[in-house]
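There are 2 protein chains.
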Amino acid sequence: MTKRDSQGRALTDYPRPSVAVDTAVLTVPPGGQLSVIAVTGDGDLRLPGTFLHEGETLADAVARSLAEKAGITGILPVQLHVFDGLDRDDRGWVLSVAHLAPVRMSRLAADARTTPLPVAALPPMPFDHNEILELAVAELRARYAEHPDPFGLLPEPTFTIRELHELHEAVAGHPLPRDTFRRLMEPQLEPTGSLARGTVGKPAREFRRLVA
Amino acid sequence: MTKRDSQGRALTDYPRPSVAVDTAVLTVPPGGQLSVIAVTGDGDLRLPGTFLHEGETLADAVARSLAEKAGITGILPVQLHVFDGLDRDDRGWVLSVAHLAPVRMSRLAADARTTPLPVAALPPMPFDHNEILELAVAELRARYAEHPDPFGLLPEPTFTIRELHELHEAVAGHPLPRDTFRRLMEPQLEPTGSLARGTVGKPAREFRRLVA
DNA sequence: CCAAAAGTGTTTTCGATACACCCATGG
DNA sequence: CCATGGGTGTATCGAAAACACTTTTGG
């Protein structure tokens with residue numbers, strides 16, 4: 003039941019590009035800097051990626067490549083841009099759909115095939131991978147500017163405003179005013195009623211994410 | 003010189019999707035509303051699109067489809083999103099890369115194969131075309147919120163602040179305060195020194211776009 | 001009591017808005 | 001001189017920032 007187009011030709015009569023996905027997996031180690039997962043391929047560092055398989059969506063392909071190459075599951079990929087340079091890949095005609103996939107640090111601990119590297123001072127990568135990383139960081143910063151934790155990077159099930167504050171500073175890459183930050187975020191959080199324990203100073207209230 | 007991958011298979015050994023581009027061409031008739039160009043296909047209205055050909059970038063394909071289907075040249079397409087639903091096209095496995103392509107009304111006058119329709123109250127279209135239109139309008143609004151005329155929708159070579167104001171109100175879809183708008187935009191415009199003539203009231207100064 | 005961190009009240013600043021007014025032209 | 005639209009001074013409002021202060025715990 004092959005359908006024909008207006009010139010009487012089937013879709014498969016035309017040459018088609020290979021379609022790849024490349025993903026900037028961003029994470030923030032507790033007390034650390036914004037970091038990205040890089041894999042080794044052909045001798046240099048690059049972002050994890052794969053070719054799109056038949057019967058698969060782009061998000062499926064991103065999930066598969068991260069499960070295979072880094073043992074990461076349960077991610078929420080966001081499309082960034084299609085790179086379509088005709089000679090960007092010497093293996094042939096390849097479109098690459100860049101993605102952002104933020105992931106909580108605790109999901110990474112078990113499998114150490116890959117190490118997160120701070121995005122500041124990252125070496126040059128092949129293809130468009132440095133450009134993809136820049137887009138990914140910009141997108142992450144934009145999404146975290148207004149909301150507490152749109153990608154679930156915080157520890158579950160509860161967290162303090164200090165933890166949220168440190169996460170936001172790592173994402174933004176610069177200090178954020180303490181009191182203004184609290185006043186912006188607190189209305190968007192659900193207090194659990196419990197307090198953090200075992201710390202110096204006044205115990206912080208613990209919160210839950212309000213919007214999933 | 004076919005390259006082999008890590009499993010010793012060439013790129014063309016894998017099934018590949020067809021890749022299409024679909025474009026929301028947005029325009030604003032003088033004194034009119036934000037409008038989109040729709041073409042007729044299979045009995046209903048849809049956005050112009052085509053399949054990506056070999057040796058062609060996405061922007062090339064957008065330009066070709068608009069030249070062929072609507073006689074429009076010299077556009078500046080912006081990527082919006084890749085639609086990758088597995089059953090979105092019953093002709094087979096098709097990815098569609100949605101684009102926005104704003105165009106000045108005066109570029110359309112000559113060829114009337116297509117008519118711009120106001121985006122408010124547009125009929126349902128097949129595929130994801132209504133969704134593409136929504137993305138396109140949102141993107142256009144975001145880009146016009148801060149800058150005078152990022153896509154060159156204004157008459158060349160000069161325009162008045164009133165014309166700019168009316169364009170922005172059409173794009174935004176709601177009235178914008180007159181004095182605040184002027185104060186925001188004027189520093190970003192280059193005065194030509196000449197004045198608009200043949201109108202009632204004080205003649206307006208004419209401006210040129212500052213950033214291309 | 002002291003250090004450290006949580007949490008809050010208050011002032012300042014800055015930009016956007018609203019509103020009023022003045023200016024320049026055609027009829 | 002009046003209607004019309006261009007252009008500008010100024011008060012007001014609100015959000016964000018800065019700063020200082022109070023509160024609550026562990027040691």
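Those sequence lines, one after another, are chains B and S. FYI, the numbering for the first sequence is 3 to 214, going by my numbering. FYI, the numbering for the second sequence is 3 to 214, going by my numbering. For every residue, glycine included, the Cβ atom is placed at its ideal position computed from N, Cα and C.
Beta bridge counterpart(s) of residue i as assigned by DSSP
i: Ser67 of chain B; result: Paired residue(s): none; Ser67 of chain B is not in a bridge.
i: Arg207 of chain B; result: B:Leu197
i: His83 of chain B; result: B:Ala100
i: Phe53 of chain S; result: S:Ala22
i: Thr42 of chain B; result: B:Leu47
i: Glu192 of chain B; result: B:Arg210
Below-7 Å beta-carbon distance, residue i vs any chain B residue
i: Tyr16 of chain S; result: yes
i: Asp130 of chain S; result: no
i: Ala105 of chain S; result: The sequence given here has Val at residue 105 of chain S, not Ala. No, its Cβ sits nowhere closer than 7 Å to a Cβ of chain B.
i: Leu60 of chain S; result: yes
Residue i burial status per 10 Å Cβ neighbour count (16 or more: buried)
i: Val202 of chain B; result: exposed
i: Ala123 of chain B; result: exposed
i: Lys204 of chain B; result: exposed
i: Leu54 of chain S; result: buried
i: Gly51 of chain B; result: buried
i: Thr117 of chain B; result: exposed
i: Arg211 of chain S; result: buried
i: Glu56 of chain B; result: exposed
i: Ala26 of chain S; result: buried
Chain S contact for residue i (CB, 7 Å cutoff)
i: Glu141 of chain B; result: no
i: Phe85 of chain B; result: no
i: Phe53 of chain B; result: yes
i: Gln81 of chain B; result: yes
i: Val38 of chain B; result: no
i: Met3 of chain B; result: Confidence in Met3 of chain B is poor, its pLDDT being 42 and thus under 50, which makes the residue's placement unreliable; the coordinate value appears in the next sentence. Not an interface residue.
Residue i: contacting residues in chain S (beta-carbon distance under 9 Å)
i: Glu56 of chain B; result: Tyr16, Pro17, Arg18, Pro19, Trp95
i: Leu88 of chain B; result: Gly57, Glu58, Thr59
Neighbour list for residue i in chain B, Cβ cutoff strictly below 8 Å
i: Val99 of chain S; result: Val84
Do the segment 50–63 of chain B and the segment 137–145 of chain B make contact, defined as three or more Cβ pairs closer than 8 Å?
no
So does the segment 35–45 of chain B actually touch the segment 90–98 of chain B, counting three or more Cβ pairs closer than 8 Å?
no
Give a yes or no on contact between the segment 124–141 of chain S and the segment 24–41 of chain S, applying the rule of three or more CB pairs nearer than 8 Å.
yes
Decide if the segment 174–191 of chain B is in contact with the segment 20–30 of chain S; the criterion is three or more beta carbon pairs, one per stretch, under 8 Å apart.
no
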